[in-house]
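Q: What follows is a single structure, and I will ask about it in a moment.
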Amino acid sequence: MDEKQCCVILSVQPSRGLVDEKFVVLVQSSLPSSLLTIYAHHQCEDGHSWHAFAHYTSDATGAVNVSEDCSVGGTYSGVEAMGLLWSLKPVPGSKPGLRMRKKSVQAPMMVTITVYRGHLTEGFEDQVPLASVEVERWYMAPGVRRILVTEDGLTATLFLPSGPGPFPGLLDLWGGGGQLVEYRAALLASHGIATMALDYLTCKYTMETGKIVQQDYFETAYKFLQKHPKVLSSRIAMLGLSLGTSVTLKMAAYSQVMKLRCAVCISGSHVQPVDGFLKEMLDYFCKNSGNIRITKGNEVVLRDLLLPIPTELSLKVDVGKLQCPLMLIIGEDDQNWSAYESAMDMKGMMAQAGNSHLLTLLSYPNAGHLIEPPYTPHVRASLFRSLQSRQKMMALWGGQTLEHSRAQEDAWRKLLVFLRKNLYGDVKTGASSLSNL
Amino acid sequence: MNIAHRDSIMFRANASVKAMGQLSHIKLKPDFTVCRKLAGFHRLTVRWKSNTRPAPILMAAPVRALIDEQISIRGHFLPLHCPVTVHARMHSDEGDLWESFAHYYANESGALSLTRDPSVGGSYLGCEPMGLFWSMQPAPGEREGLRLRKKNVETPYVVHISLLEGHVSPSEGQSTELAAVTAERWYIAPGVKRIEINQNRLVGTLFIPPGPGPFPALLDLWGMGGGLQEYRSSLLASRGYAAFHLLQDHPQVVSDRVGIIGLSFGCYLMLRIATKTGVKPSCLIGINGPAGSTVPLSDSDGRTEQFESFQKYWNFDDEGRVIFKEVSLPANILPENFVKLEKLDCPLMYIVGEDDLSASSIENADLIEESLRSASKGHLFTRLSYPGAGHLIEPPYSPNARASMWSIKPKKLITMWGGHPGPHAAAQEDAWKKMLDYLEKNLRS
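Protein chains in written order, with our numbering: chain A, 437 to 873; chain B, 91 to 535.
Below, the structure is given as structure tokens:
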């Protein structure tokens, strides 16, 4: 056995990080100028394995620094500090259509990072590694409290940051897949925002009655946050992705109860019957189902359901009425919703109405529909159970991995700045709080 | 073939090495004088808690750290230039409450950064990014004579850090908490395996780093406090060394890359082991330990008789606290009870706390160095010497116990370890970094 190789050092700092934190992966004490493969492996809660790998050449001291050195091959190339996470893909032989989503936010995502000799592309399990470490990635910071909410007919989870508060609040909505998805809310709470993830499609009410919730369900959620002793009632925001955008825009523009401090809409549209709510929205999508396309690979493309963008004002939320700042985040390669066209139309409507100053538009070329927290592995398509048809289909989300991953990182950073500015900053920007004295 | 190593930055993010000579001065940032001028503001009533403003934010990064990693603590959205107190508290494994606090001023943007701003009062003064941790003391009302030592290394210390209104002493009366953050400090990295060893009269714990191995290894020996102290070993394993309390032969250990580290009496045991024929450690690190013993060892395994029976060298201070320093003074040790240092064949790093009240570290360091030089082995010796540091040179950012409970029966006895908070903290930080570099050089190349 080559004794020298036995002492190769691999380190990842921090070894326990939040999912949106960067890490530094370092190899030291390998042979100088040697070919190395750095390999990442993660097993999901559902048992599926994901992996990523990159090819490096160590320098004259036998070191590789993933944040500074160039990968010359693998699941990513170039200088990519976090490539080992965002380029994770299901291992060969996996069931098609997988998507990585953390269910239990109170336990970390475990990733094993290993270094091998040579430039390998397969057969990792059969190779003797040089060194290996384990890394924890957490959605939830210590001290964040997770509280299940069932009062007032809600199906929700509230995440409260550490400390006495009061905290700004946020309602967090996902899309047409339903379920109670907690991870983004846990992460936002780790950044100081009391965030409530809300299930509005498969909630207790719907499961028991078969009926879709109405506007008042969301207003109830808002009021719950308002009256919570740790939440600052005047600073509540709403964040929606996909179908969640439709709800967010509707509430932001028309609700008499919700006075949102700001809203963030990801990968969605303002196109919906203005008179009516979720049920009517879903019926409207159904009506246009003739626009659904199937690709050669049997992937379902839903983006044309809302195209062309209607001219009738009865079919789109009047964003000219908005009185709070709005951030729109869209991927220009979104194959699931016509997010780009909708964003352009919304921009035009706001310009006409004179409230453009409220709009922040982040538009990412070659990013797809699923704009998730940073370093979440990109999937161009995955199995999706549509709530209407109850069928599982392979939905095409779109996006090219590299650009999509960059978009996730950039969008998240800007989203946090936007939320912080609107939820924490003073109403008068730049106002000195010496005026309090 | 020797491979040149770059500085082992992998172990430490922002190790700040303090110049020993500056230890007696308070290092203040230039804008401290500005804060002083604006101090008048804090006498006006500033309404902090309101129903229209969210609470300020307090953040720590990383929020789950290894013990030897620096944590950066910052505050935002505070009223400008206003006085605040940062208060840290945690429970030891025994349930005792330990705490620290420091007084700061928010800057002109309402921000606070413990890596940049100076403390103007409290448990420490000046710019001390990790001051909240190493300055922790038992809270008022806790048992006397406590020393902070983690028993269960598989769980973290959970530290609650609060931002309080004004410059207050948290334990004295009411204070308003404005914000809080919780940080975890771990002695063990993910994937490090802990294996209990109990064989052939040897009791110990083996910590194996994650990965295929085999690994260089360290034998970790403590002093007279007795019991099995695992925390340094688990931390060293987290830095890539398999640490264990017994000899090698383990299949995951590279047998010719085993070092030994010994503190206090453990240092003496280490030197005994290292000078035995047939034993060739790769390197040794001795901390504040003697090269000989007044206490004869009852057998070759290093068991001792009652330490207490050699009380003639004990001294007592005005408060009746025992100082063991002279027990290990070379002049008080019989020549035949010294280790045969001329037999040493491996590098030895010896670390001295110059305010050590428990062992005659300086005198023993001198003796070891002199003995090695006489045997033409002076090149094996490296000394690190820290003014103001005491006996218990532990992993960085650990609070120093200047004194702690030694025994309860037959009567309560507190022993002096020595060391002053600031210099001792600086010594721990610097020594740890140098120890890791030394181990890397001697166990990996």
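We put the CB at the ideal spot given by N, CA and C, even for glycine.
Could you spell out the range, first to last residue, of the alpha helix (DSSP H) harbouring A/Phe-660?
A: That run of the alpha helix (DSSP H) goes 651-663.
Q: Quick one: is A/Cys-722 buried, meaning 16 or more other Cβ sit within 10 Å of its Cβ, or exposed?
A: With fewer than 16 Cβ atoms within 10 Å of its Cβ, A/Cys-722 is classed as exposed.
Q: With a CB to CB cut of under 8 Å and the five nearest residues on each side skipped, what residues in its chain are close to B/Leu-238?
A: Contacts found: Ser-182, Trp-188, Met-226, Ser-488, Pro-489 and Ala-491.
Q: Taking the C-alpha atoms as reference points, what is the distance between A/Ile-583 and A/Ala-592?
A: In a straight line, the C-alpha of A/Ile-583 is about 9 Å away from that of A/Ala-592.
Q: Closer than 8 Å between beta carbons: that is the criterion. Which residues of the stretch 551-568 of chain A meet it against chain B?
A: Answer set for the stretch 551-568 of chain A: Val-564, Pro-565, Leu-566, Ala-567 and Ser-568.
Q: Spell out whether any CB of chain B is found under 9 Å from the CB atom of A/Tyr-811.
A: Cβ-Cβ to chain B under 9 Å: no for A/Tyr-811.
Q: Any idea which residues DSSP pairs B/Tyr-195 with across the strands?
A: DSSP lists B/Pro-173 as partners of B/Tyr-195.
Q: Give me the Cα-Cα distance between B/Gly-352 and B/Ser-372, rounded to the nearest whole angstrom.
A: If you take the alpha carbons of B/Gly-352 and B/Ser-372, they lie about 14 Å apart.
Q: If you measure between the beta carbons of B/Leu-156 and A/Ser-503, is that distance less than 9 Å?
A: In this structure, A/Ser-503 does not lie closer than 9 Å to B/Leu-156 by Cβ.
Q: What do you reckon, are the CB atoms on A/Leu-590 and A/Ala-657 nearer than 9 Å?
A: Contact flag set, yes.
Q: Helix, strand or coil: which one does DSSP assign to A/Arg-535?
A: Coil, per DSSP.
Q: Should B/Lys-502 go down as buried or exposed, given a rule of 16 or more other Cβ atoms within 10 Å for buried?
A: That one is exposed.
Q: Please list, in chain order, the chain A residues whose beta carbon lies closer than 9 Å to that of B/Gly-551.
A: Because chain B here runs from 91 to 535, residue 551 of chain B falls outside it and cannot be looked at.
Q: In three-state terms, what does DSSP make of B/Tyr-358?
A: B/Tyr-358: helix per DSSP, three-state reduction.
Q: For the stretch 758-840 of chain A, list the beta strand (DSSP E) runs that are entirely contained and at least 3 residues long, ordered along the chain.
A: Complete beta strand (DSSP E) runs here, min 3: 762-767, 795-800, 817-821 and 828-832.
Q: Measuring alpha carbon to alpha carbon, tell me which of B/Cys-436, B/Pro-477 and B/Ser-209 ends up nearest B/Ser-466.
A: Nearest of B/Cys-436, B/Pro-477 and B/Ser-209 to B/Ser-466, Cα basis: B/Cys-436.
Q: Would you give the residue range spanned by the beta strand (DSSP E) that B/Asp-346 belongs to?
A: Unbroken beta strand (DSSP E) run through B/Asp-346: 343-353.
Q: Return the residues of the stretch 274-290 of chain B that lie within a Cβ-Cβ distance of less than 9 Å from chain A, sorted by chain order.
A: Against chain A - using a Cβ distance shorter than 9 Å - the residues of the stretch 274-290 of chain B are Glu-274, Trp-276, Ala-279, Pro-280, Gly-281 and Val-282.
Q: Alpha carbon to alpha carbon, what distance is there between B/Gly-212 and B/Tyr-194?
A: Spanning the two alpha carbons is a distance of roughly 9 Å.
Q: So B/Ala-455 is in the alpha helix (DSSP H); what residue range does that whole segment cover?
A: Per DSSP, B/Ala-455 belongs to the alpha helix (DSSP H) from 451-464.
Q: Counting only the same chain and skipping the five closest in sequence on each side, list residues whose C-beta sits under 6 Å from that of A/Met-763.
A: Here the set comprises Val-700, Thr-796 and Phe-854.
Q: Just to confirm before moving on: does the CB-CB distance between A/Pro-528 and A/Glu-558 stay below 9 Å?
A: Yes, these two residues count as a Cβ contact at 9 Å.
Q: So with Cβ pairs under 9 Å, would you call B/Ser-190 a contact of chain A?
A: With 9 Å as the cut-off, B/Ser-190 does not count as an interface residue toward chain A.
Q: Just the Cα atoms here: how many angstroms apart are B/Asn-454 and B/Leu-533?
A: Taking the straight line from one Cα to the other gives about 25 Å.
Q: Is there contact between the stretch 680-697 of chain A and the stretch 618-633 of chain A, where contact requires at least three CB pairs shorter than 8 Å?
A: The answer is no - the stretch 618-633 of chain A does not touch the stretch 680-697 of chain A, with fewer than three Cβ pairs under 8 Å.
Q: Please confirm if B/Ala-449 has its CB atom under 9 Å from at least one CB of chain A.
A: It does not; no Cβ of chain A falls within 9 Å.
Q: Tell me whether A/Gly-756 sits in a helix, a strand or coil according to DSSP, three-state version.
A: Residue state, collapsed to three classes: helix.
Q: Hey, is B/Met-180's beta-carbon within less than 9 Å of any beta-carbon in chain A?
A: Not one chain A Cβ lies under 9 Å of B/Met-180.
Q: What separation, rounded to the nearest whole angstrom, lies between the Cα atoms of A/Gly-861 and B/Leu-222?
A: Approximately 28 Å between the Cα atoms of the pair.
Q: Counting only the same chain and skipping the five closest in sequence on each side, list residues whose C-beta sits under 7 Å from that of A/Gln-563.
A: Closer than 7 Å at Cβ, skipping near neighbours: Tyr-552 and Leu-556.
Q: Is A/Thr-731 helix, strand or coil by DSSP?
A: If DSSP states are grouped into helix, strand and coil, A/Thr-731 belongs with coil.
Q: Need the endpoints of the alpha helix (DSSP H) that A/Ser-698 sits in, please.
A: The sequence given here has Cys at residue 698 of chain A, not Ser. It is not in any alpha helix (DSSP H) - A/Cys-698 instead sits in the beta strand (DSSP E) that spans 698-702.
Q: Whole angstroms is fine: what's the gap from B/Thr-123's alpha carbon to B/Phe-191's?
A: Summary for B/Thr-123: the model assigns pLDDT 35, below 50, so the residue's position carries little reliability; its value from the coordinates is reported in the next sentence. Straight-line Cα distance between these residues: approximately 22 Å.
Q: What is the DSSP secondary structure of B/Gln-518, reduced to helix, strand or coil?
A: B/Gln-518 falls in the helix class under three-state DSSP.
Q: Pull up the distance between the alpha-carbon of A/Val-863 and that of A/Lys-663, whole angstroms please.
A: Note that A/Val-863 scores a pLDDT of 44, beneath 50, so its modelled location is shaky; the value from the coordinates is reported in the next line. Roughly 22 Å separates the two Cα atoms.
Q: Is the Cβ of B/Phe-167 closer than 9 Å to any Cβ of chain A?
A: With 9 Å as the cut-off, B/Phe-167 counts as an interface residue toward chain A.
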